[in-house]
Ligand SMILES: C[S@@+](CC[C@H](N)C(=O)[O-])C[C@H]1O[C@@H](n2cnc3c(N)ncnc32)[C@H](O)[C@@H]1O
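Residue numbers (the working numbering): 774 to 1053.
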């Protein structure tokens, strides 16, 4: 069996199963199974697929047909150039969240002294780990309600050699976290509860606690806006990723006497997704 023929057949199979981007998914799975670069499969369609790779590929294809996220099957997701290990314990980091981490980095660039950051609802740890990687002096606290997710973020810190500047805290609110932090960055669960049953199977195979933000989706985000001022340094920032329309709602609730420079950033698709506010 050649790589080209296998890819053509598998793309058709995934397409029939209703998988989005069937070609790309098949390519990633085969590249992973064969241990070659994905683009090599396109450049060399006559490449023979060894028996062991074929077996691994078929197992991955079946899991993909069943609606698992590609990153769970591969076991990793790229996040701004860092390879983050992921599995069923955590949400797969999304491209929007890479943008969120970029906004936090832009803010930290302008800060001086012993920098500290809190990644609240850390999941795989992607945001905090990338910030720690990007700023060699930064000390990062990763906070999580899920012990399983916290274990995953800790493992990722070990794999990336960043554990010396990371602290891991199990928390359900900002209450136990004292700081003070230069930045509190979070991609909290922000999907309204009633929307969850209609989500795609891939998303539904991710932890519900990573998705469900309560009746208007803002339970965790609202808690952060209330408790963050006491945990930020002067001029420190709260930066959140939210759903479309949500930043505006929350910014209106945040009192001007506590917050300044309240603004929103759009994501690459033009959606008002990120909330930014500095402590007054
Ligand atoms: C949308 S996921 C984000 C994960 C990761 N930061 C990312 O961006 O890929 C939200 C995370 O918040 C955690 N979480 C949910 N409720 C929480 C709470 N009350 N306190 C702390 N973490 C919470 C979930 O377990 C999940 O890991």
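Backbone N, C-alpha and C fix where the C-beta goes; we use that ideal spot for every residue, glycine too.
Any idea what DSSP makes of residue i, helix, strand or coil?
{"i": "residue 971", "result": "helix"}
{"i": "residue 907", "result": "helix"}
{"i": "residue 857", "result": "strand"}
{"i": "residue 807", "result": "helix"}
{"i": "residue 839", "result": "coil"}
{"i": "residue 992", "result": "helix"}
{"i": "residue 917", "result": "strand"}
{"i": "residue 816", "result": "helix"}
{"i": "residue 1040", "result": "coil"}
{"i": "residue 822", "result": "coil"}
{"i": "residue 963", "result": "coil"}
{"i": "residue 895", "result": "coil"}
Where does residue i land, buried or exposed, given buried means 16+ other C-beta within 10 angstroms?
{"i": "residue 962", "result": "buried"}
{"i": "residue 955", "result": "buried"}
{"i": "residue 873", "result": "buried"}
{"i": "residue 1046", "result": "buried"}
{"i": "residue 839", "result": "exposed"}
{"i": "residue 1004", "result": "buried"}
{"i": "residue 920", "result": "exposed"}
{"i": "residue 988", "result": "exposed"}
{"i": "residue 822", "result": "buried"}
{"i": "residue 968", "result": "exposed"}
{"i": "residue 1083", "result": "Beyond the ends of the chain as shown, which are 774 and 1053, falls residue 1083; an answer cannot be given."}
To the nearest angstrom, how far is the alpha carbon of residue i from that of residue j?
{"i": "residue 876", "j": "residue 795", "result": "32 Å"}
{"i": "residue 985", "j": "residue 1050", "result": "24 Å"}
{"i": "residue 781", "j": "residue 817", "result": "14 Å"}
{"i": "residue 835", "j": "residue 855", "result": "27 Å"}
{"i": "residue 891", "j": "residue 910", "result": "14 Å"}
{"i": "residue 864", "j": "residue 918", "result": "13 Å"}
{"i": "residue 879", "j": "residue 1035", "result": "16 Å"}
{"i": "residue 789", "j": "residue 797", "result": "15 Å"}
{"i": "residue 914", "j": "residue 1018", "result": "28 Å"}
{"i": "residue 779", "j": "residue 825", "result": "14 Å"}
{"i": "residue 1028", "j": "residue 1053", "result": "10 Å"}
{"i": "residue 746", "j": "residue 965", "result": "Any question about residue 746 goes unanswered here, given that the chain covers just 774 to 1053."}
{"i": "residue 974", "j": "residue 802", "result": "19 Å"}
{"i": "residue 889", "j": "residue 843", "result": "33 Å"}
{"i": "residue 805", "j": "residue 841", "result": "16 Å"}
Closest by CA to residue i, which one among the options?
{"i": "residue 976", "options": "987, 912, 845 and 870", "result": "845"}
{"i": "residue 906", "options": "893, 931 and 885", "result": "931"}
{"i": "residue 884", "options": "786, 861, 1010 and 1053", "result": "1010"}
{"i": "residue 1048", "options": "1020, 1033 and 1039", "result": "1020"}
{"i": "residue 902", "options": "886, 940 and 869", "result": "940"}
{"i": "residue 1037", "options": "1024, 979 and 995", "result": "1024"}
{"i": "residue 897", "options": "1030, 857, 833 and 842", "result": "857"}
{"i": "residue 887", "options": "811, 952 and 814", "result": "952"}
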